[in-house]
Amino acid sequence: MEGATHYLPLRVQYEDTDLSGAVYHANYLKFMERGRSDYVRLIAIDQTALAAGPEGVFFVVRHCAIAFLKPARLDDRLQVRTRFTGDSGARLNCTQSVWRGTENLARADITLACVGKDGRPKRLPAILRQAVADLLTDAE
117 MEGATHYLPL
127 RVQYEDTDLS
137 GAVYHANYLK
147 FMERGRSDYV
157 RLIAIDQTAL
167 AAGPEGVFFV
177 VRHCAIAFLK
187 PARLDDRLQV
197 RTRFTGDSGA
207 RLNCTQSVWR
217 GTENLARADI
227 TLACVGKDGR
237 PKRLPAILRQ
247 AVADLLTDAE
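Position one of the sequence shown corresponds to residue 117 (this note's numbering), numbered consecutively onward.
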């Protein structure tokens, strides 16, 4: 992690590619999910405990705008960069990108929503709001 940006290294596996040998487009979303999950773990947010706790909250993707810029290929070493950019009520915003060295391969703006077991929106837990506020303050 550097400042408020989290870096997750990964390598393209055979299962990630399509017939042409390029990473199948939907797999970039999987890579980004791994980046977000790893980041949340790193800032000491236990998603399993939040789901099992008295509030019973989960995170779902509410909005995703993604641009595919260049293809990744089998065995490429990639880096997923994740940066939380703010929160409001039940929403958490982040920007993510997938890089191969100095080449930006994909970028996305993602809005997560916090929902309860009934699927209805719930306010972000205080521990998460504070963690994001601390990250944004550290980035300034």
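Where a beta carbon is used, it is the ideal one built from N, C-alpha and C, also for glycine.
Check, Outcome
"Pick from Ser136, Glu131, Val176 and Gln195: whose alpha carbon is nearest that of lysine 238?", "Val176"
"In angstroms with no decimal places, state the Cα-to-Cα distance between cysteine 180 and valine 128.", "22 Å"
"To the nearest whole angstrom, what separates the beta carbons of asparagine 143 and leucine 185, a pair I think is in contact under 8 Å?", "Rounded, the Cβ-Cβ distance is 15 Å, inconsistent with contact."
"Alpha carbon to alpha carbon, what distance is there between aspartate 203 and leucine 190?", "36 Å"
"List the whole-angstrom C-beta distance separating arginine 178 from leucine 194, where the pair is believed to meet the contact cut-off of C-beta under 8 Å.", "Arginine 178 to leucine 194, Cβ: 25 Å. No contact."
"Can you give me the C-alpha to C-alpha distance between phenylalanine 200 and leucine 208, rounded to a whole angstrom?", "7 Å"
"Since I believe valine 196 is in contact with arginine 236 (beta carbons under 8 Å), could you give me their beta-carbon distance rounded to a whole number of angstroms?", "That pair is no contact at about 30 Å."
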